[in-house]
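Report on the structure given below.
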């Protein structure tokens, strides 16, 4: 992974000092609440329902074991012993004291971490595929490009006060696990017919109040021009994005208002002036960054399929875990393992300080001292030897990471919701838990198969409900919490947004509602169909009729 | 005379900012006036003899409306109705980097310490700090961050073209 040099280190250390002074001035009354707000927000510090919430940046999800141990230490020392993995692959603390935050940032800086631009109206953490660099279907490793974008966007002076938050995602695989179609900018790294590397550029996708799938404004942008082109997009947005209404301030609204074609022309006009200027990327810089992502010292192994199949036969639990939580690796004899943070009874994405320490140990022992946060709120060990999978499985079970549910209904993406978040209209964690309890039977869960169930506690859509095959949105009706259900969303290639099923439901009936939806799917499915396929074939009416039938 | 920050120092301001509704007469009678853009656009002929002259833009006014007239102005002031409105960060860069404006670019409006670092990188060189804040304190912010990744007006090469040096 990327290792800071003296320049990178200086930037985070300067930032700690700057924020320490801003916080001092706030406590001294020299900065008003309103003035301090955007400063602390750009350092990931929200004031929440109970306490400030600190969001720590994990650039494109990558963590070293040293960083994991620091997160464990911070969680233990400054918080209540647990942290939360977010859908932007960052780490959130729910209970730090404001006056401790400068110290927390100083500790983070000592392991090359920070909280820069994890919230506020600026360019946020760039995200990518959790299997970047190891996926079998990968065409281009997106990590060096994410790091190049991270550096370009960190304290970019022109884009420090954007109309609204801004999210970039990069994909380099045949499948899209990074959900680039629902980002402000989605970049797909690819090669053209001449074998040259470049990017397909999508713009104006996003969830929130007005979910939209992004539009392609450049089918092939040569890599040298990545930053000048991003700068052109951001400049058009910074100058002409709406600032009169925060719900209409995202770039998607500008792109829609102008039409993608006109927006693309505006970007092209701006880009003419920036192209081939000093921010043209150099081969040396790309190499300098890319060498940090060279393959680790893999052993020369072959796939251990026979042994693993034998173990499967003997240990159905292992077979089950392997079928869901282990994926193929580009290197023979290796596998990528997802640690499930979706055990029933634990808020989705939550992890304790001791678990963080354990993950650090496991990363040291099994995966070249690295781990990755996923936007589905799990953690991946990307480089595990296949012949150690059985041993690892045993350890994961001991520590509560072996729930074999990756990609299944109980692998719920869920925001912190009304239990923690000041913006939420409704709680989301108890709904997730009730649904997980309803579908606790593993045979049943496996029989249902691949299903993305996403829950957001409000319109801001941090739980990505629009792109869940089943999406749940918490709504407030005259002070009471209700839940609106949508079906048919998808965040992969040809992303789609869910359709609303109908009137919303009370919290206590939500497991019944989900059961009925699943019943309809099981009755109608063909042998090959996943939930989303059946939905796309039969449409929403059969589901609607079943769910609302008993209400009359 | 109010104090402003100019070229990294606190100095007395020699200029007078005219309000958005100022009339031609007022502009003609004020020495070193910074006039609103619409007044300039309406009375260019009468005003272009004034020397020195400044002009100011609201946050939704674009510098493209002024680019043919830059030579007339010793000061271009860019207004920040609220400090979270970053549109003129782009305006300043365009003035400097695209239109080669070498006069003063002044930040006016809701201008306080924690924006100055970004503003200076974009090409601002004068700041009228909010009346309730101390400009001497604000000076410190200009040097708070010692390394920047990006190319901008103050440093025309990105860090990756300087790193090995």
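Chains as they are written, first to last, in my numbering: chain B, 1 to 552; chain P, 553 to 717.
C-beta: ideal position from N, C-alpha, C; glycine also.
The structure displayed is predicted, hence computed values, not measured ones.
Cross-strand partners of residue i (DSSP beta bridge)
{"i": "residue 384(B)", "result": "335(B)"}
{"i": "residue 371(B)", "result": "63(B)"}
{"i": "residue 476(B)", "result": "481(B)"}
{"i": "residue 323(B)", "result": "Looking at the DSSP assignment, residue 323(B) forms no beta bridge with any residue, so it has no partner."}
{"i": "residue 631(P)", "result": "660(P)"}
{"i": "residue 597(P)", "result": "Partner(s): none; residue 597(P) has no beta bridge."}
{"i": "residue 46(B)", "result": "53(B)"}
{"i": "residue 523(B)", "result": "Note: residue 523(B) sits in no beta bridge, so no partner."}
{"i": "residue 147(B)", "result": "Its beta-bridge partners do not exist; DSSP assigns none."}
{"i": "residue 608(P)", "result": "588(P) and 629(P)"}
{"i": "residue 487(B)", "result": "470(B) and 499(B)"}
{"i": "residue 558(P)", "result": "561(P) and 678(P)"}
{"i": "residue 570(B)", "result": "As displayed, chain B neither begins before 1 nor continues past 552, which places residue 570(B) out of reach and without an answer."}
{"i": "residue 518(B)", "result": "Looking at the DSSP assignment, residue 518(B) forms no beta bridge with any residue, so it has no partner."}
{"i": "residue 539(B)", "result": "Beta-bridge pairing links residue 539(B) to no other residue."}
Residue i versus the options, residue with shortest Cα-Cα distance
{"i": "residue 554(P)", "options": "687(P), 637(P), 711(P) and 703(P)", "result": "687(P)"}
{"i": "residue 223(B)", "options": "239(B), 197(B) and 245(B)", "result": "197(B)"}
{"i": "residue 207(B)", "options": "376(B), 270(B) and 463(B)", "result": "463(B)"}
{"i": "residue 277(B)", "options": "302(B), 303(B), 232(B) and 311(B)", "result": "232(B)"}
{"i": "residue 360(B)", "options": "209(B), 395(B) and 117(B)", "result": "395(B)"}
{"i": "residue 239(B)", "options": "225(B), 246(B), 254(B) and 247(B)", "result": "254(B)"}
{"i": "residue 595(P)", "options": "574(P), 612(P), 667(P) and 653(P)", "result": "574(P)"}
{"i": "residue 373(B)", "options": "349(B), 306(B), 257(B) and 385(B)", "result": "349(B)"}
{"i": "residue 693(P)", "options": "638(P), 715(P) and 679(P)", "result": "679(P)"}
{"i": "residue 707(P)", "options": "690(P), 682(P), 673(P) and 685(P)", "result": "673(P)"}
{"i": "residue 247(B)", "options": "216(B), 165(B) and 264(B)", "result": "165(B)"}
{"i": "residue 355(B)", "options": "204(B), 76(B) and 8(B)", "result": "76(B)"}
{"i": "residue 324(B)", "options": "315(B), 501(B), 312(B) and 338(B)", "result": "338(B)"}
{"i": "residue 280(B)", "options": "230(B), 109(B) and 319(B)", "result": "230(B)"}
{"i": "residue 606(P)", "options": "597(P), 614(P) and 628(P)", "result": "628(P)"}
{"i": "residue 503(B)", "options": "461(B), 476(B), 528(B) and 494(B)", "result": "476(B)"}
{"i": "residue 563(P)", "options": "630(P), 711(P) and 691(P)", "result": "691(P)"}
{"i": "residue 328(B)", "options": "482(B), 293(B), 131(B) and 192(B)", "result": "131(B)"}
{"i": "residue 14(B)", "options": "91(B), 90(B) and 108(B)", "result": "108(B)"}
{"i": "residue 205(B)", "options": "169(B), 220(B), 199(B) and 189(B)", "result": "169(B)"}
{"i": "residue 121(B)", "options": "529(B), 3(B), 47(B) and 251(B)", "result": "251(B)"}
{"i": "residue 511(B)", "options": "496(B), 545(B) and 472(B)", "result": "472(B)"}
{"i": "residue 623(P)", "options": "664(P), 671(P), 611(P) and 656(P)", "result": "656(P)"}
Residue interval of the alpha helix (DSSP H) (run including residue i)
{"i": "residue 53(B)", "result": "From DSSP, residue 53(B) is part of no alpha helix (DSSP H) but of the beta strand (DSSP E) over 52 to 56."}
{"i": "residue 87(B)", "result": "Residue 87(B) -> no alpha helix (DSSP H), and no H or E assigned at all."}
{"i": "residue 443(B)", "result": "442 to 448"}
{"i": "residue 346(B)", "result": "Where residue 346(B) is concerned, there is no enclosing alpha helix (DSSP H), given that its DSSP letter is neither H nor E."}
{"i": "residue 268(B)", "result": "260 to 274"}
Where the beta strand (DSSP E) containing residue i begins and where it ends
{"i": "residue 658(P)", "result": "656 to 661"}
{"i": "residue 191(B)", "result": "185 to 191"}
{"i": "residue 455(B)", "result": "453 to 456"}
{"i": "residue 216(B)", "result": "215 to 222"}
{"i": "residue 198(B)", "result": "197 to 203"}
Residue burial classification, residue i (beta-carbon count within 10 angstroms, cutoff 16)
{"i": "residue 87(B)", "result": "buried"}
{"i": "residue 557(P)", "result": "buried"}
{"i": "residue 572(P)", "result": "exposed"}
{"i": "residue 332(B)", "result": "exposed"}
{"i": "residue 426(B)", "result": "buried"}
{"i": "residue 478(B)", "result": "exposed"}
{"i": "residue 136(B)", "result": "exposed"}
{"i": "residue 628(B)", "result": "This structure does not reach residue 628(B), given that chain B is present from 1 up to 552, and the question cannot be answered."}
{"i": "residue 317(B)", "result": "exposed"}
{"i": "residue 603(P)", "result": "exposed"}
{"i": "residue 322(B)", "result": "buried"}
{"i": "residue 119(B)", "result": "buried"}
{"i": "residue 91(B)", "result": "buried"}
{"i": "residue 716(P)", "result": "exposed"}
{"i": "residue 403(B)", "result": "buried"}
{"i": "residue 597(P)", "result": "exposed"}
{"i": "residue 539(B)", "result": "exposed"}
Residue i CB to nearest heavy atom of the ligand ZN below 8 Å
{"i": "residue 458(B)", "result": "Questions concerning the ligand ZN fall outside what the structure shown contains, since it holds no ligand whatsoever."}
query: Do the stretch 148 to 159 of chain B and the stretch 76 to 91 of chain B make contact, defined as three or more Cβ pairs closer than 8 Å?
result: Of all C-beta pairs linking the stretch 148 to 159 of chain B to the stretch 76 to 91 of chain B, fewer than three are shorter than 8 Å, placing the two stretches out of contact.
query: Do the stretch 584 to 602 of chain P and the stretch 559 to 573 of chain P touch if we need at least three Cβ pairs shorter than 8 Å?
result: Segments in contact, yes.
query: Three or more beta-carbon pairs under 8 Å between the stretch 201 to 221 of chain B and the stretch 176 to 186 of chain B, yes or no?
result: Below 8 Å, enough C-beta pairs join the stretch 201 to 221 of chain B and the stretch 176 to 186 of chain B to call them touching: three or more.
- prompt: Counting Cβ pairs, one atom from each stretch, are 3 or more of them under 8 Å apart for the stretch 89 to 106 of chain B and the stretch 283 to 290 of chain B?
  reply: Segments in contact, no.
field: Segment contact flag, the stretch 145 to 155 of chain B with the stretch 57 to 72 of chain B, C-beta cutoff 8 Å, min 3 pairs
entry: The stretch 145 to 155 of chain B vs the stretch 57 to 72 of chain B: in contact.
- request: Please determine if the stretch 411 to 421 of chain B and the stretch 445 to 456 of chain B are in contact, where contact requires at least 3 C-beta pairs separated by less than 8 Å.
  value: With contact defined as three or more Cβ pairs closer than 8 Å, the stretch 411 to 421 of chain B and the stretch 445 to 456 of chain B are in contact.
- prompt: Quick one: any contact between the stretch 520 to 532 of chain B and the stretch 637 to 645 of chain P, if contact means 3 or more CB pairs under 8 Å?
  reply: No, they do not touch.
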